[in-house]
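> Pasting a structure below so you can have a look.
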Amino acid sequence: MSADILFDLDGTLIDSSPGILASFGRVLAADSLRPAVPLEASLIGPPLAVTLQQVSGIADEARLARLVEAFKQDYDTAGYLATEVFPGVAAGLAQLAAAGSRLFIVTNKRMLPTRRILEALGLARHFAGIHTRDETEPMALSKTVVTQRVVARYGIERSRAFFVGDSDEDAAAARENSLAFIHAAYGYGAAGIAETPAAVLDRFSRLPDLIATLSRERCALPERP
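Residue numbers (this note's numbering): 1243 to 1467.
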């Protein structure tokens, strides 16, 4: 059964932590800084400036802005190449697309590295739309706003749509747009999320069957008067 499925990227489809953390380390070292917190995968997810302020411990906006630009330069040319796809993702996306589902990316990651990563991993061809906060000017305030735009742009029927992600931010984007949320528990948010998801995904290979089951269950629900 086909559906519209919105995917977070980092921690859901890809493990970008090796490249991101390496870029953080190089940028801090180049500015004679030591990490203010351990460089761990759990840092990944929030907007770049937020995370970079956390790892650098810098409050000065001008200096932080320079670090952000230095990170972009490093990550966009070298760091992103260390990205790995989670097991089962390539085959699972192909299966979902072949079944007629429309697939979309909704991510905090910038558009340039997002597209480079998806192309390098051979995943871009599966998506009907790839959407980021920085695709608009001014930049979207949140992933919730990006999700709202995707739903409107593609005429997505909320009752047959899903958002797959690993974080509370993903869960909020789903909830505030009336989409069923599937928690990718193998990702960076493995410790859990604050709210109860429609389903928990322990490995990506289970997703096609899970979508089919949830879609049948939702179709079987009686219509509201």
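Idealized CB from N, CA, C, for every residue including glycine.
1. Indicate whether at least one CB of chain B lies closer than 9 angstroms to the CB of Tyr1317.
2. Grouping DSSP H, G and I as helix and E and B as strand, with all else coil, what is Phe1369?
3. Please work out which residues of its chain come closer than 7 angstroms, Cβ to Cβ, to Val1269, disregarding the five sequence neighbours upstream and downstream, and give them in chain order.
4. Give me the Cβ distance between Ile1247 and Ser1343, rounded to the nearest whole Å; I'm assuming they're in contact under 8 angstroms.
5. Tell me which residues share the same chain as Asp1453 and place their Cβ nearer than 6 angstroms to its Cβ, disregarding the 5 neighbours each side in the sequence.
6. By alpha-carbon positions, which one of Ala1366, Glu1411, Ala1441 and Ile1300 ends up nearest to Ile1347?
7. How is Thr1378 classed by DSSP in three states: helix, strand or coil?
8. Cα-Cα, which of Phe1404, Ala1264, Ala1304 and Ala1341 is closest to Leu1285?
9. Please classify Ser1259 as buried or exposed, where buried requires at least 16 neighbouring CB atoms within 10 angstroms.
10. At the level of alpha carbons, what is the spacing between Gly1364 and Glu1411?
11. Around the Cβ of Arg1375, are there at least 16 other Cβ atoms within 10 angstroms (buried) or fewer (exposed)?
12. Can you give me the Cβ contacts of Ala1382 inside the same chain, cut-off strictly under 6 angstroms, excluding the 5 residues immediately before and after it?
13. List the endpoints of the continuous alpha helix (DSSP H) containing Gly1334.
14. Suppose you measure from the CA of Ala1307 to the CA of Glu1459; what does that come to, to the nearest Å?
15. How big is the Cα-Cα spacing for Ala1301 and Ala1278?
16. Pairs of beta-carbons, one from the stretch 1316–1332 and one from the stretch 1392–1410, closer than 8 angstroms: are there three or more?
17. What is the rounded straight-line gap between the Cα of Leu1185 and the Cα of Leu1456?
18. Does the separation of the CB atoms of Ala1413 and Ala1441 fall below 9 angstroms?
19. Is it the case that the Cβ atoms of Leu1345 and Leu1354 are separated by a distance below 9 angstroms?
20. Return yes when the Cβ of His1368 is within less than 9 angstroms of the Cβ of Leu1335, no when it is not.
If we stick to the structure as given:
1. The question asks about chain B, but that chain is absent: this structure has only one protein chain.
2. coil
3. Leu1309, Ala1312, Phe1313 and Asp1316
4. 6 angstroms
5. Per the sequence shown, residue 1453 should be read as Ile rather than Asp. If we look at Ile1453 and ignore the five residues flanking it on each side, its Cβ neighbours are Ala1245.
6. Ala1366
7. coil
8. Ala1264
9. buried
10. 27 angstroms
11. buried
12. Arg1375 and Val1388
13. Val1331 to Ala1340
14. 48 angstroms
15. 12 angstroms
16. no
17. The structure shown does not extend to residue 1185, since the chain spans only 1243 to 1467, so no value can be given for it.
18. no
19. no
20. yes
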